[in-house]
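What follows is a single structure, written as structure tokens, with notes after it.
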Amino acid sequence: MSAIGLAPVAQDLARPRAILFDWDNTLIDSWTTIHEALNAVMAEMERPLWSLRETKERVRLSLRESFPVYFGDRWEEARRIYLDIFRSIHLEK
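Each residue of the sequence shown is one higher than the last, beginning at 25 in our numbering.
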């Protein structure tokens, strides 16, 4: 160990120029916003609404991967609705 307590390998690492964080559900809890926007899409597409628990259990893939599965040929329409609603409410949550 060195005088500052770091292993020699750690001392050789370059100082990062930036640190990136995943915003959603890492720095802030955005589940309620995701849930509200997703249920608005479900209602528009005449699908059963999900509880918050179901949303947390089922939302694992990206929108691009999951919406074609959930909404078939109408996935791009569902995407537009979801993003419009999410953008309109995310700052107030």
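For glycine and all other residues, C-beta sits at the position ideal for the given N, C-alpha and C.
Where do the N-terminal and C-terminal ends of the alpha helix (DSSP H) with residue i fall, by residue?
i    : result
D108 : 99-113
F95  : 87-95
E78  : 76-82
E70  : Careful: E70 lies outside any alpha helix (DSSP H) and carries neither H nor E.
CA-CA distance, residue i and residue j?
i    : j    : result
F110 : I43  : 26 Å
R77  : I113 : 20 Å
F95  : T79  : 15 Å
L85  : D36  : 37 Å
R98  : P92  : 8 Å
E101 : P40  : 40 Å
D108 : V33  : 47 Å
L171 : R103 : Examination of residue 171 is not possible in this model, given that the chain is present from 25 through 117 alone.
A64  : T57  : 11 Å
L87  : D53  : 18 Å
V83  : M69  : 17 Å
Using DSSP with H/G/I as helix, E/B as strand and the rest coil, what is residue i?
i   : result
I43 : coil
Given residue i, which residues of its chain have a CB within under 7 Å of its CB, disregarding the five upstream and five downstream residues?
i   : result
A67 : L73
Suppose the cutoff is 6 Å on Cβ atoms and the five residues either side in sequence are ignored; what does the same chain contact list for residue i look like?
i   : result
H59 : L76, T79
Give me the Cβ distance between residue i and residue j, rounded to the nearest whole Å; I'm assuming they're in contact under 8 Å.
i    : j   : result
Y106 : A38 : Contact doesn't hold; Cβ gap of about 39 Å is too wide.
Which residues in the same chain have their Cβ closer than 8 Å to the Cβ of residue i, if we skip the five residues on either side of it in sequence?
i   : result
W55 : N49, L76, T79, K80
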